[in-house]
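See below for the structure under consideration.
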Amino acid sequence: MADYGELLDLKQDGRLNIVGDAYDAALILLLTACSRWIDAYCRVPVDGFCATAQSTHYFGRSDVKGDTLMLDDPLLSVATLTNGNGAELSSDAYRLVPRNASPKWSIELRGGHAWQWDADGEIAVTGVWGAAAATPEPVREACLVLAAWMFKRYQAGLQDVTAAPEIGQAVYAESVPKQVKALLAPYKRVLL
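Residues are numbered in the numbering used here as their position in the sequence shown, beginning at 1, plus a constant of 95.
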């Protein structure tokens, strides 16, 4: 698994201002945890913002609408596409949709081709599943902000409330900083 932020960037001046290596192990754990939180929050596969490894997803008849296969996760590229009858489809038999954007959310068969099924057949798509091959800068920044915020919360004893009795005010901490959610908003998958 990959982290979306680097330890040195987290420790640098202007963020945590940490010079030594006493907190490195804890910071690395936080970077990993924050990266996986981002995957879950944005509803992408693990390592979805630095996807390079191929894996196979399987689909049944209910995933097909006419000539279009609706995908369960964002797809960056296809290595092989196997029809429900076990026959491999050549790359000129289909197109990835949307055509001019990435990631892809469906596979559309071109004219003269059809989804075909054996009794227990499944469509198999082997490819790189994820939202981006390289971590987008806003996702990287969100990871660093979240990790730094978590580290400081641990140092403050995970306090949920701060009080200013002189003005009669109690302030409750947020579960996740607003700027993290704002940075991730364009990348968050909306389920229909």
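Note that the Cβ used here is the ideal one computed from N, Cα and C, for glycine as well.
With a 10 Å radius around the Cβ and a threshold of 16 neighbouring Cβ atoms, S157 comes out exposed. Boundaries of the beta strand (DSSP E) harbouring Y189: Y189 to V192, taken from the DSSP string. For D134, the enclosing alpha helix (DSSP H) covers residues D119 to C137. Nearest in C-alpha terms to L102, of all of K273, E236, D187 and G155, is E236. The DSSP-derived three-state label of A148 is coil. In the three-state scheme derived from DSSP, where H, G and I count as helix and E and B as strand, E183 is classed as strand. In this structure, V159 sits away from W200, with a CB-CB distance that is not shorter than 8 Å. Assignment of beta strand (DSSP E) within the segment 161–246, counting only whole runs of 3 or more residues, yields 163–177, 189–192, 199–204 and 218–224 in chain order. The alpha carbon of S150 has as its nearest neighbour, out of T175, L164 and T163, the alpha carbon of T175. Put simply, the segment 191–206 touches the segment 164–179. At least three CB pairs are less than 8 Å apart. Judged by beta-carbon spacing, A219 lies within the 8 Å limit of T177, meaning their Cβ atoms are closer than that value. In this chain, the alpha helix (DSSP H) harbouring D104 covers L102 to K106. Three or more pairs of CB atoms, one per stretch, sit closer than 8 Å, so the segment 231–245 contacts the segment 124–140. When the alpha-carbon of A280 is set against those of D108, D213, N112 and C137, the nearest one is in C137.
About 15 Å separates the beta carbons of D98 and G225, which is beyond the 8 Å limit, so they are not a contact pair. When the Cα atoms are used, P231 and G109 turn out to be separated by approximately 21 Å. Y153 is bridged by DSSP to A219. Counting other Cβ atoms within 10 Å of its Cβ, A148 stays below 16 and is therefore classed as exposed. Between G216 and N180, the CB-CB gap stays under 8 Å.
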